[in-house]
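Quick notes on the structure that follows.
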Amino acid sequence: MRRSCIFIASLVLVAFCSVVGSDWSQCKCCFSFSNARLPVQQVESCHTTNLLCNMNGSQGPEKCCFSFTNARIPLKQIESYYTTHLQCNMNAVIFIIRAQREICTNPTEKWVRRLMKMVDNQNMKQMTEAGSVDSA
């Protein structure tokens, strides 16, 4: 009896320890699962994972944002940006900065839209300059 209690407690510990959170959001996903039955007396609480969490082999968005930064990002730090997938709960613009970090921003914010235009203009300028060098 004692060994089975230790075994069940270990399984519960492994199940809870396999729940991880990323540094860019409050989302929690499980990456491993247990089929062991748990006695009701040992369950203190029950939580569901976010619907956007993918199981291995499933299709879905690679990256979704669950919160936005309020910090303004200097243009000189930005390498590029992209928008999140339509399956994400929140529309977001993700800026990739020089340190290869991705920063989630709210596309309805005026400063975000202005920054997107500035990045687009900067990229267009670089492409036209590269084209004029190639043709010379």
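Residues -21 to -1, 1 to 115 in mature numbering (1 follows the signal peptide of the UniProt record, and there is no 0) are what the sequence shown spells out, letter by letter. Every residue, glycine too, gets a C-beta built ideally from N, C-alpha and C. These numbers come from a predicted model, not from an experiment.
- Considering only the beta carbon of each residue, do Ile73 and Cys83 sit closer than 8 Å? yes
- Message: Just to confirm my understanding: we take Trp3, look at its own chain, exclude 5 residues before and 5 after, and list those with CB closer than 6 Å. What are they?
- Response: At Trp3 the pLDDT is 38, less than 50, meaning the model places this residue with poor confidence and gives no usable figure here.
- Whose C-alpha, out of Thr63, Lys89, Lys55, is nearest the C-alpha of Phe45? Comparing Cα positions, the closest option is Thr63.
- Message: Please list the terminal residues of the continuous beta strand (DSSP E) segment that includes Thr84.
- Response: For Thr84, the enclosing beta strand (DSSP E) stretches over residues 81 to 84.
- Item | Residue environment, Val91, which counts as buried when at least 16 other CB atoms sit within 10 Å | Val91 comes out buried.
- Query: Between which two residues does the beta strand (DSSP E) containing Phe74 stretch?
  - Reply: 72 to 76
- Message: Could you pull the DSSP bridge partners for Ser59 from this structure?
- Response: Ile75
- Query: Just how far apart, CA to CA, sit Asn100 and Ala50?
  - Reply: Roughly 22 Å between the two C-alpha positions.
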